[in-house]
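Numbering-wise (this note's numbering), the sequence shown opens with residue 4 and increments by one.
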Amino acid sequence: MKYILVLSITMITCLSFAQKRNQLNNKPNVIIIMTDDQGYPELSIHGNPILKTPNLDKFAESSVRFGEFHAAPMCAPSRGQLMTGMDAAKNGLVNVSSGRAFLKPELPTMGDIFRVNGYSTGVFGKWHLGANYPYRPQDRGFEESIWFPSSHIGSVSDYWGNDYFDDTYWHNGKQKKFEGYCTDIFFNETKRFIENSIEEDLPFFAYISTNTPHYPFVAKDEDLKVIEDLYEHSAFSGKNDDLRKKLVPYLAMVRNIDTNVGSLMNFLERKGVKENTIVVFLTDNGSIMGIEYFDAGMRGMKTELWDGGHRVPCFINWPEGNFKNLGKEVSGLAQVQDLLPTLIDLCKLKKPKPIDFDGISLAKVLRGEKHISKDRMLILNYSRMPNFINYPAPHGQTIVRKEGAAVLWKGWRLLENRELYNLETDPLQKYNIYEKNLKVVKKMEDQLDIWWDRVKENVNEPQKIIIGTDNENPSVLTACDWLDVFIDQQPQISKGIRKNSYWCLDVSQAGDYEIELRRWPKETDSPIAGQCKMVDRNGNIGGTALPIVSASIYIGGMELRSSIAEKRPYGFEGLTKEVTPEDKSITFDVHLKPGPIYLHTFFHLKDQGTIGAYYAYVTRK
Numbered sequence: 004m005k006y007i008l009v010l011s012i013t014m015i016t017c018l019s020f021a022q023k024r025n026q027l028n029n030k031p032n033v034i035i036i037m038t039d040d041q042g043y044p045e046l047s048i049h050g051n052p053i054l055k056t057p058n059l060d061k062f063a064e065s066s067v068r069f070g071e072f073h074a075a076p077m078c079a080p081s082r083g084q085l086m087t088g089m090d091a092a093k094n095g096l097v098n099v100s101s102g103r104a105f106l107k108p109e110l111p112t113m114g115d116i117f118r119v120n121g122y123s124t125g126v127f128g129k130w131h132l133g134a135n136y137p138y139r140p141q142d143r144g145f146e147e148s149i150w151f152p153s154s155h156i157g158s159v160s161d162y163w164g165n166d167y168f169d170d171t172y173w174h175n176g177k178q179k180k181f182e183g184y185c186t187d188i189f190f191n192e193t194k195r196f197i198e199n200s201i202e203e204d205l206p207f208f209a210y211i212s213t214n215t216p217h218y219p220f221v222a223k224d225e226d227l228k229v230i231e232d233l234y235e236h237s238a239f240s241g242k243n244d245d246l247r248k249k250l251v252p253y254l255a256m257v258r259n260i261d262t263n264v265g266s267l268m269n270f271l272e273r274k275g276v277k278e279n280t281i282v283v284f285l286t287d288n289g290s291i292m293g294i295e296y297f298d299a300g301m302r303g304m305k306t307e308l309w310d311g312g313h314r315v316p317c318f319i320n321w322p323e324g325n326f327k328n329l330g331k332e333v334s335g336l337a338q339v340q341d342l343l344p345t346l347i348d349l350c351k352l353k354k355p356k357p358i359d360f361d362g363i364s365l366a367k368v369l370r371g372e373k374h375i376s377k378d379r380m381l382i383l384n385y386s387r388m389p390n391f392i393n394y395p396a397p398h399g400q401t402i403v404r405k406e407g408a409a410v411l412w413k414g415w416r417l418l419e420n421r422e423l424y425n426l427e428t429d430p431l432q433k434y435n436i437y438e439k440n441l442k443v444v445k446k447m448e449d450q451l452d453i454w455w456d457r458v459k460e461n462v463n464e465p466q467k468i469i470i471g472t473d474n475e476n477p478s479v480l481t482a483c484d485w486l487d488v489f490i491d492q493q494p495q496i497s498k499g500i501r502k503n504s505y506w507c508l509d510v511s512q513a514g515d516y517e518i519e520l521r522r523w524p525k526e527t528d529s530p531i532a533g534q535c536k537m538v539d540r541n542g543n544i545g546g547t548a549l550p551i552v553s554a555s556i557y558i559g560g561m562e563l564r565s566s567i568a569e570k571r572p573y574g575f576e577g578l579t580k581e582v583t584p585e586d587k588s589i590t591f592d593v594h595l596k597p598g599p600i601y602l603h604t605f606f607h608l609k610d611q612g613t614i615g616a617y618y619a620y621v622t623r624k
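Printed below as a string of structure tokens:
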């Protein structure tokens, strides 16, 4: 009897597992492809006068195309909205750097939601939602991750010297060198991930986030040759050599994306999973180059509130999804935060907890069962770049303000509460008709007021990097995450740019900590006051030597924030040590209590003022 009972329990367990597996097998796979700075114009299906994108065109023709789809005007806010289904003003990620590019850790992400629903989850390429705990991909629901931090390859927080070829990326928490061109690597590693998921009999969610065609414009020779030929046979040939030098590699990167998309779709077909895989293609903001050669009938570019800054392509493909209007542009205003609620409905996912989405589900729109409401209004707002600020100021451009928003309604565009355009009569947004349409303005301002009342309380509260945890020890802090000061590119470090700010941190547990200050990251093995020793692909040693003679740190509580603009020490008077020409780093030993702190560092230059330590390695002993 005992054995019969055990056997019965075993059979029930096996049946339950089999039922669960069958349920999972019936779920559609999902792939999201988001490219960087490509924009609406950089597709031949949208009339590009130079570029040919046959694979993306073919994909679009078999997909539902959203003709009025909008992202944020900058890349990181769009990615945060994609991952959470929430406005940037609510999810905490309002900028691309400057200590305001962290996604609130308490919010479930797309990775979290798919993972708890039994999917294998992977991200490949650009992350840009935080480089430290608790903001990394492995902290946000992704089991497999091959990624680089910050805005682009060659950013301050990226592995020093990465140049698109044979680079070092983060792979599941460890740095690993990969061979090949960056975009090829991200797509190929996605295929490997999909193969493993198929072998494990699990549905998969893959997020492919290319760094291309973001600056710097670095392309493969084979793509350059093709685009060079297309350029020479275009109307632009011989007219503007400066444009050619930028545009050819930029479009060559897009061509490489197109090739990889075609290869991926063929791969899915060979593996027998194409029919039951939802594939979404979109870009993260408007074109960076469009206004210089082809605007697709729009005004503006990346970072701007005109439609050219945020209207992007979005194609959704699912052969088994019973989608209607394939190959046609669906009308109505849609936005990037609509994708998560849409995928939850399409895949019949359970949410781990109630979520206050700002996006709406487009599932019924995709199936032709309903239309997007003509009365829908969208609010776009983000934090501006502090490009010319060398030290944080209380009222800098990074502070999100209600007046900085764009309100979209039908063909109307209300920008910064002072400009109104009607796209139906003025698609290039040349004529401000604010004063002539005050009733329209009032209706749109009322919606803006409602939105602002929901987000204003915490919109400008910076998120904090948590230090001293077993999840990340040491924590590598970079100038990219200084609050309200912009440093995001390795060439800025090489030049010794004269800027400084502080990190917002949260000490997880009391203890003794070592804070190691560096001008160059560890992998360069370079002296603080000297040049970078790491040799680039061309055999050059980079960087400017600086007459750094001493280093200081100041640590204080969050309540002392107001004193920072006055450059006063806080918490304690600080610690200072001499820097010799041979020193590669300067370390300070401090005891920290749990809770939020500011960490502020200084390198003192002989008779030349100060700069911040661009890198700080914080270790709980």
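Note that beta-carbon positions come from the ideal geometry of N, C-alpha and C, so glycine has one too. Computed from a predicted structure; not experimentally measured.
Spatially closest choice to residue i from the options, by CA coordinates
i: V368; options: K327, K248 and M380; result: K327
i: F318; options: N393, S65, G275 and D39; result: S65
i: K596; options: D586, D515, Q611 and H607; result: D515
i: N420; options: G414, E406, K433 and Q432; result: E406
i: K160; options: F145, S511, N135 and N243; result: It should be noted that the sequence gives Ser, not Lys, for residue 160. The residue with the shortest Cα to Cα distance from S160 is N135.
i: N51; options: L233, A91, G275 and T112; result: L233
i: C628; options: W163, H155 and A209; result: Because the chain is modelled from 4 through 624, residue 628 falls outside the range shown and cannot be assessed.
i: G625; options: G546, K354, A366 and V510; result: The chain is shown only over 4 to 624; residue 625 falls outside these bounds and no answer can be derived.
i: K580; options: I558, P599 and V552; result: V552
i: L508; options: I518, N288 and R501; result: I518
i: E146; options: V99, F208, E182 and Y162; result: F208
i: S505; options: R522, P530 and A482; result: Strictly speaking, residue 505 in this sequence is Tyr, with Ser absent from that position. It is A482.
i: L271; options: L336, T193, M301 and I53; result: T193
Buried versus exposed call for residue i [16 or more other C-beta atoms within 10 Å across all chains shown]
i: F591; result: buried
i: F605; result: buried
i: K5; result: Caution applies to K5, whose pLDDT of 35 falls short of 50 and renders its modelled position unreliable; the value that the coordinates give is listed next. Classification of K5: exposed, given that the 10 Å Cβ count is below 16.
i: H236; result: exposed
i: K351; result: exposed
i: Q611; result: exposed
i: Q400; result: buried
i: I453; result: exposed
i: T124; result: buried
i: P57; result: exposed
i: Y573; result: Unreliable placement is indicated for Y573, whose pLDDT of 39 sits below 50; the coordinate value is still reported in the next sentence. Its Cβ being crowded by 16 or more others within 10 Å, Y573 is buried.
i: D528; result: exposed
i: V9; result: At V9 the pLDDT is 32, less than 50, meaning the model places this residue with poor confidence; the figure from the coordinates comes in the next sentence. Flag for V9 reads exposed.
i: L520; result: buried
i: K467; result: buried
i: A21; result: Caution is warranted here: a pLDDT of 38 is assigned to A21, below 50, making its placement in the model unreliable, and no coordinate value can be reported.
i: L441; result: exposed
i: G362; result: buried
i: S240; result: exposed
i: G330; result: exposed
i: F391; result: exposed
i: T13; result: Since pLDDT at T13 reaches only 33, below the 50 mark, its modelled position is unreliable, and no value is offered.
i: H594; result: exposed
Host alpha helix (DSSP H) of residue i (start-end)
i: S266; result: D244 to R273
i: V462; result: Counting along the chain, V462 falls outside any alpha helix (DSSP H), and DSSP gives it neither H nor E.
i: Y296; result: G293 to Y296
i: Q493; result: Q493 to K498
i: D348; result: L342 to C350
i: I116; result: M113 to V119
For residue j and residue i, believed in contact at Cβ under 8 Å, the rounded distance
i: E323; j: N279; result: 5 Å
i: Q84; j: S290; result: Not quite, the Cβ-Cβ distance comes to about 19 Å (not below 8 Å), so this is no contact.
i: P599; j: R103; result: Not confirmed; about 16 Å, so no contact.
i: G499; j: T547; result: 5 Å
Span of the beta strand (DSSP E), counted from its first residue to its last, around residue i
i: N32; result: N32 to T38
i: I319; result: C317 to N320
i: F69; result: V67 to F69
i: Q178; result: K177 to K180
i: T186; result: Note, T186: premise wrong, no beta strand (DSSP E); alpha helix (DSSP H) at C185 to E202.
i: P599; result: G598 to L608
i: L48; result: First, the residue type needs correcting, since residue 48 is Ile and not Leu in the sequence shown. Element bounds for I48: n/a, residue is neither H nor E.
Pair every Cβ in the stretch 72-80 with every Cβ in the stretch 380-395, then say whether three or more of these pairs are closer than 8 Å. yes
Do the stretch 256-264 and the stretch 223-240 make contact, defined as three or more Cβ pairs closer than 8 Å? Here the stretch 256-264 lies against the stretch 223-240, with 3 or more beta-carbon pairs under 8 Å apart.
Could you check whether the stretch 304-324 touches the stretch 241-254, counting it as contact only if at least three pairs of C-beta atoms, one from each stretch, sit closer than 8 Å? no
Is there contact between the stretch 203-212 and the stretch 162-181, where contact requires at least three CB pairs shorter than 8 Å? no
At least three beta-carbon pairs within less than 8 Å, the stretch 113-130 to the stretch 145-156: yes
I want to know whether the stretch 468-482 touches the stretch 439-457 - three or more CB-CB distances under 8 Å. Taking 8 Å as the limit for Cβ pairs, the verdict is that the stretch 439-457 does not touch the stretch 468-482.
Does the count of Cβ pairs from the stretch 478-498 and the stretch 107-121 closer than 8 Å reach three? Taking 8 Å as the limit for Cβ pairs, the verdict is that the stretch 107-121 does not touch the stretch 478-498.
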